[in-house]
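Undergrad: In this note's numbering, the protein residues as written are 6 to 535.
Cβ coordinates follow ideal geometry from the N, Cα and C atoms, glycine included.
#1: Hey, quick one: how far does the alpha helix (DSSP H) through residue 437 stretch, first residue to last?
#2: Enumerate in chain order the residues of its own chain whose CB-to-CB distance from residue 20 is below 8 Å, with the five nearest sequence positions on each side excluded.
#3: Alpha carbon to alpha carbon, how far is residue 502 from residue 427? Give it in angstroms, no decimals.
#4: Are residue 128 and residue 139 close, meaning C-beta to C-beta below 9 Å?
#5: Bridge partners of residue 129, per DSSP?
#6: Please confirm whether residue 452 and residue 488 have their CB atoms less than 9 Å apart.
#7: Tell me the start and end of each unbroken alpha helix (DSSP H) in the region 12-43 that is at least 4 residues and wholly inside, in chain order.
#8: Comparing alpha-carbon positions, which option in 217, 83, 108, 141 lies nearest residue 192?
#9: Taking 6 Å as the limit between beta carbons, can you name the residues of its chain near residue 239, skipping five residues before and five after?
#10: Taking C-beta to C-beta, are residue 204 and residue 195 nearer than 9 Å?
#11: Could you name the residues that DSSP lists as bridge partners for residue 213?
#12: Taking C-alpha atoms, which residue in 236, 73, 346, 229 lies nearest to residue 311?
#13: Mapping DSSP to helix, strand and coil, what is residue 479?
#14: In the DSSP assignment, find the alpha helix (DSSP H) that holds residue 85 and state where it starts and stops.
#15: If contacts are defined as beta-carbon pairs under 8 Å, then residue 256 and residue 173 qualify, I think. What distance do you get, rounded to the angstrom?
#16: In the DSSP assignment, what residue or residues form a beta bridge with residue 56?
#17: Does DSSP put residue 272 in a helix, in a strand, or in coil?
#18: My guess is that residue 26 and residue 52 are in contact by the Cβ rule of under 8 Å, so how many angstroms apart are they, rounded?
#19: By alpha-carbon positions, which one of 349, 341, 95 ends up nearest to residue 328?
#20: For a quick check, are the C-beta atoms of residue 456 and residue 424 less than 9 Å apart?
#21: Rounding to the nearest angstrom, what Cα-Cα distance links residue 346 and residue 234 in this structure?
#22: Does residue 122 pass the burial test, meaning 16 or more other C-beta atoms within 10 Å, or should it be called exposed?
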């Protein structure tokens with residue numbers, strides 16, 4: 006037989022599946038020539054099966070008919086291709102007719118939704134705050150009853166797609182799943198949550214692609230250990246403040262959210278077949294065209310090296326969000342790339358701080374020396390390489406400002422600010438939190454500020470074993486912390502003697518007199534005027 010239509014029924018006599026078996030080698034040859042590769046279907050096997058509604062036949066109907074119209078083949082080839090054409094005429098005519106009625110009006114019904122998504126086509130997914138592009142692999146309708154459960158779900162079309170991603174070390178394609186829930190009547194295509202980019206009407210396709218490519222290039226430059234400012238939404242909440250964008254550390258903190266890449270270092274036939282997805286202003290500009298015969302694989306995975314430059318095709322398919330940590334909210338989150346900004350550093354703020362000039366010079370000199378000197382100052386390997394400042398005085402005198410804002414501004418370092426209340430109420434929890442914070446600070450070259458550190462600096466006693474444990478844990482960890490740390494406290498009367506050797510510089514903040522208060526107000530008024 007040339008073609009076999011195989012129907013399967015369950016014990017109730019209900020039809021379960023209908024598959025078209027292509028047994029003719031001539032038709033299989035035609036499919037290899039026209040389609041090359043199609044998701045979940047191999048045209049190299051002796052028996053090719055295409056499930057109803059015969060999506061490959063519909064999506065490549067014009068190409069297959071053009072192929073069959075070539076009369077230069079043998080009589081047997083033409084006879085077999087004629088059988089295929091008759092099958093398509095009988096089984097696709099209604100679908101083609103309904104599709105032809107609705108497409109000119111940019112409308113689609115739920116039963117015909119699958120016809121929009123041709124494999125290897127670029128689609129756009131519309132979110133509440135962003136749009137993202139993907140490449141279609143395949144689609145399937147999901148029934149009401151979810152397999153293995155009794156939960157009654159709304160039917161939906163599942164779209165298997167791919168996009169360009171990063172897993173902390175490499176760039177590559179990742180498999181994604183999108184869905185469109187069932188709708189009762191025909192709708193405008195561009196009102197769907199997901200649809201082919203060719204139907205986008207809110208702005209021209211060229212302008213949309215330019216915008217998304219620019220965003221993708223920005224995504225590539227900021228995703229790995231980038232200290233930035235963010236002012237935008239995270240889920241349902243508004244977040245403003247400094248963030249650290251770091252895929253690798255996020256992967257350690259939330260391994261369940263790690264990105265799995267589907268492409269390796271070798272190209273696949275699917276990758277080679279992928280045509281140009283970026284439109285040009287000029288029809289004559291074919292510099293970016295992707296042809297099946299191209300040897301260059303633009304979707305091969307790449308190590309994240311400084312020399313790697315993202316292509317326009319890859320940039321278009323990049324995510325709209327980037328993983329990072331909010332120093333203010335103390336949370337890991339996905340931040341919108343469009344709302345990530347460079348930090349506006351006010352490096353002269355340290356000069357306006359009401360502090361003894363000699364003390365300012367000492368702080369900056371010690372920080373500068375520590376940043377450029379890896380020699381250790383303790384005989385025990387790995388110990389004593391940190392730099393610890395202790396700032397004490399009444400509230401409101403600028404202790405936090407010294408480290409929290411001004412010192413970091415001078416050197417443009419991240420500030421990891423915490424309070425003792427954020428470290429937990431159990432010793433083991435506090436130990437884990439501090440280790441995590443110090444590890445992140447090391448990776449990010451961040452200055453750590455522990456505000457209200459009284460509980461960790463208190464004198465140990467024979468009657469309070471829990472407090473002793475807190476102090477011991479903190480002492481041990483700061484001994485081996487290699488970064489810069491500021492501690493603030495309002496009192497030193499019960500200061501534990503063991504901290505004397507760990508503190509490199511202690512700064513006392515005196516109460517402000519009228520002259521210094523006037524100076525502070527003068528600086529504020531200058532900022533208001535400017």
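TA: Reading from the atomic positions:
#1: Locating residue 437 in the chain shown gives position 432, counting from the first residue. Per DSSP, residue 437 belongs to the alpha helix (DSSP H) from 432-449.
#2: To locate residue 20, count along the chain shown from 1; it is residue 15. Excluding sequence neighbours, residue 20 sits near 12, 13, 14.
#3: Translated into the one-based positions of the chain shown, residue 427 becomes position 422. Translated into the one-based positions of the chain shown, residue 502 becomes position 497. Using only the alpha carbons, I get a separation of about 25 Å.
#4: As a position in the chain shown, residue 128 is number 123, starting the count at 1. As a position in the chain shown, residue 139 is number 134, starting the count at 1. Cβ distance < 9 Å, so residue 128 and residue 139 count as in contact.
#5: Within the chain shown, the letter at position 124 stands for residue 129. DSSP lists 138, 200 as partners of residue 129.
#6: Here residue 452 refers to the residue found at position 447 of the chain shown. Here residue 488 refers to the residue found at position 483 of the chain shown. The answer is yes: Cβ separation under 9 Å.
#7: 30-39
#8: Reading the chain shown from its first residue, position 187 is the one you call residue 192. Considering only alpha carbons, the answer is 108.
#9: Taking the chain shown and counting its residues from 1, one reaches residue 239 at position 234. So the list reads 338, once near-sequence residues are dropped.
#10: Counting from 1 along the chain shown, the entry for residue 204 is found at position 199. Counting from 1 along the chain shown, the entry for residue 195 is found at position 190. Contact: yes.
#11: Against the chain shown, residue 213 aligns to sequence position 208. The partner list for residue 213 (beta bridge, DSSP) is empty, contrary to what the question assumes.
#12: In the chain shown, residue 311 corresponds to position 306, counting from 1. If we check each option's Cα against that of residue 311, 229 comes out closest.
#13: To locate residue 479, count along the chain shown from 1; it is residue 474. The answer is helix: DSSP assigns residue 479 an H, G or I state.
#14: By 1-based counting over the chain shown, the position of residue 85 is 80. Element bounds for residue 85: 80-107.
#15: Locating residue 256 in the chain shown gives position 251, counting from the first residue. Locating residue 173 in the chain shown gives position 168, counting from the first residue. The Cβ separation is near 5 Å, so the contact holds.
#16: For the purposes of this step, residue 56 is taken as residue 51 along the chain shown, with counting starting at 1. 24.
#17: Taking the chain shown and counting its residues from 1, one reaches residue 272 at position 267. Any reading at residue 272 needs caution, since the residue's pLDDT is 41, under 50, leaving its predicted position unreliable; the model's value is listed next. Residue 272: coil per DSSP, three-state reduction.
#18: Here residue 26 is taken as the residue at index 21 of the chain shown, counted from 1. Here residue 52 is taken as the residue at index 47 of the chain shown, counted from 1. Between residue 52 and residue 26 the Cβ distance is about 6 Å, and since that is below 8 Å, they are a contact.
#19: Counting from one through the chain shown, the residue named residue 328 turns up at place 323. Measuring from the Cα of residue 328, the nearest candidate turns out to be 341.
#20: Within the chain shown, the letter at position 451 stands for residue 456. Within the chain shown, the letter at position 419 stands for residue 424. Cβ atoms of residue 456 and residue 424: closer than 9 Å.
#21: Taking the chain shown and counting its residues from 1, one reaches residue 346 at position 341. Taking the chain shown and counting its residues from 1, one reaches residue 234 at position 229. Each residue's alpha carbon lies about 5 Å from the other.
#22: In the chain shown, counting from the first residue as 1, residue 122 sits at position 117. Its Cβ being crowded by 16 or more others within 10 Å, residue 122 is buried.
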